[in-house]
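Trainee:
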Amino acid sequence: MMMGDTDTGKEMIGKSNYSWSNTAPSIAVIDAIAAIENVKSSDLEGSLDAPLFNYIDPEALDRLITSDSQIKVSFTFDEYYVLIDRDGLSVSYD
């Protein structure tokens with residue numbers, strides 16, 4: 227993951243490129259936030275206020291974001307702002 231600025235003006239704290247045919251976007255979000263929180267992905271729910279599905283439907287996210295999709299999806303997950311597109315995801319503090 228790399229740090230930098232996003233086009234939203236928020237300071238990016240993580241960015242990763244993905245091939246969505248190999249990784250489900252919902253799993254990538256969990257893994258990225260877990261890395262930032264310095265916990266195992268399986269332990270993430272205990273370190274945040276609520277699980278991912280309280281913020282966005284993971285199955286819908288996985289259907290929307292593919293390597294061929296032309297859309298971007300952004301949402302707040304606990305204290306993080308997540309932006310996902312066909313190339314990968316970025317995470318900033320909200």
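Position in the sequence shown (from 1) plus 226 gives the number in our numbering. Backbone N, C-alpha and C define an ideal beta-carbon position, used for all residues, glycine too.
1) Return the first residue and the last residue of the alpha helix (DSSP H) that VAL255 is part of.
2) Check each candidate in TYR244, PHE301 and ASP311 and name the one with the smallest Cα separation from SER318.
3) When the Cα of TYR307 is compared with those of TYR281, SER273 and SER245, which residue comes out closest?
4) Who are the near neighbours of ALA260 in its chain, counting only those whose CB is closer than 7 angstroms to its CB and skipping five residues on each side?
5) Classify GLU237 as helix, strand or coil using the three-state DSSP reduction.
Mentor: Quick look at the numbers:
1) In the sequence shown, the residue the question calls residue 255 occupies position 29. 251-263 is the extent of the alpha helix (DSSP H) around VAL255.
2) Mapped onto the sequence shown, residue 318 falls at position 92. Among TYR244, PHE301 and ASP311, the Cα nearest to that of SER318 belongs to PHE301.
3) Working through the sequence shown from its first residue, we reach residue 307 at position 81. Out of TYR281, SER273 and SER245, TYR281 has the C-alpha closest to the C-alpha of TYR307.
4) Sequence index remark: in the sequence shown, residue 260 carries index 34 (1-based). So the qualifying residues of the chain are LYS266, SER267 and LEU270.
5) Taking the first residue of the sequence shown as position 1, residue 237 is located at position 11. Correct three-state label for GLU237: strand.
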